[in-house]
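Please read the structure below before turning to the comments.
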Amino acid sequence: MSGNPALDLAGTVGFRRDDPVDMLATPADLERWVAACEGLPDRVSADSAAFESAVALREAVYRLALDRVLGRSFDPGSLKVVNDTAAGPVPAVELSDAGLRRSGDLRAVLAEVARSGIAVLADPDACFKECGRTRCTRVYLDRSRGARRTWCGMGECGNRVKAAAYRARRRASE
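Last residue of the sequence shown: number 173 in numbering that gives the first Met the number 0, and the count goes up by one each step with no gaps.
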């Protein structure tokens, strides 16, 4: 949704400023999130220490992405978390007739997510934006023509904004 696995991880907390909704409240939530992410090993187990590492990575990535949105220098503590996590092991890849299979433990998954975050955060041409829907705090990559994308996604935020505008126009014309 955000255009990068690290940004998708950061997006697992919604409405950060007003009424945060944490979609990764337990290690089991993290295991489900990893399984749903394309390109990551789909069978990992998370103990409490690994879960805390994932939450720390999530918050560090969010802070660095927000730094990019606001055009400010990267937070040194967040840089350390992301860089240290990226130094972890890489997932193993295996090619077969069934296609590509990735495997590894949660530490390898988090290292892969951190590396993807580093790659995009280091790209001077990447256009980071925060969703234009009121209260939504998801940061995403705007890869649209002319960088005119407004919402993190049409399915959740864009459609709701458009539907609310339509209802407001109808009420005003009555």
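We put the beta carbon where it would ideally sit given N, CA and C, even for glycine.
None of these values were measured; they are calculated from a predicted model.
Residue interval of the beta strand (DSSP E) (run including residue i)
i, result
"R114", "Run containing R114: none in the beta strand (DSSP E); it sits in the alpha helix (DSSP H), L105 to L120."
"L23", "Segment: none, L23 is in no beta strand (DSSP E) and carries neither H nor E."
"V92", "A91 to S95"
"L39", "No beta strand (DSSP E) holds L39; DSSP gives it neither H nor E."
"E129", "F127 to E129"
Buried versus exposed, by CB contacts within 10 Å (16 or more), residue i
i, result
"K79", "exposed"
"F127", "buried"
"G98", "exposed"
"F50", "buried"
"S47", "exposed"
"E30", "buried"
"T136", "buried"
"V119", "buried"
"R168", "exposed"
"G70", "exposed"
"S102", "exposed"
"S172", "exposed"
"R57", "buried"
"P4", "buried"
Cutoff 8 Å; reference residue i; Cβ partners in own chain excluding five residues on either side
i, result
"W32", "L8, T11, M22 and L23"
"A125", "R67, V119 and L140"
"T25", "F50"
Start and end residues, alpha helix (DSSP H) containing residue i
i, result
"V138", "First-last for V138: V138 to L140, but that is the beta strand (DSSP E), not the alpha helix (DSSP H)."
"R62", "S47 to L69"
"G98", "Counting along the chain, G98 falls outside any alpha helix (DSSP H), though it belongs to the beta strand (DSSP E) covering G98 to S102."
"G76", "P75 to A85"
"D7", "P4 to A9"
Spatial neighbours of residue i in its chain, beta-carbon cut-off 6 Å, leaving aside the 5 residues before and after
i, result
"E93", "R100"
"A34", "D41"
"G13", "V20"
"R148", "D141"
Whole-Å CB distance - residue i paired with residue j, under 8 Å assumed
i, j, result
"F73", "D66", "5 Å"
"L6", "V108", "Contact doesn't hold; Cβ gap of about 16 Å is too wide."
"V138", "Y61", "7 Å"
"G87", "A53", "Not really, about 12 Å apart at Cβ, beyond 8 Å."
"A59", "V81", "5 Å"
"R134", "D17", "5 Å"
Residue i at chain B interface by Cβ criterion, 8 Å
i, result
"L78", "The structure shown has no chain B; it contains just one protein chain."
Contact set for residue i: own chain, Cβ-Cβ below 7 Å, skip 5 residues either direction
i, result
"G2", "Y139, L140 and R142"
"V177", "Residue coverage of the chain in this structure runs from 0 to 173, which leaves residue 177 outside it and unanswerable."
"A85", "A110, A113, R114 and I117"
"S77", "A59, R62 and L63"
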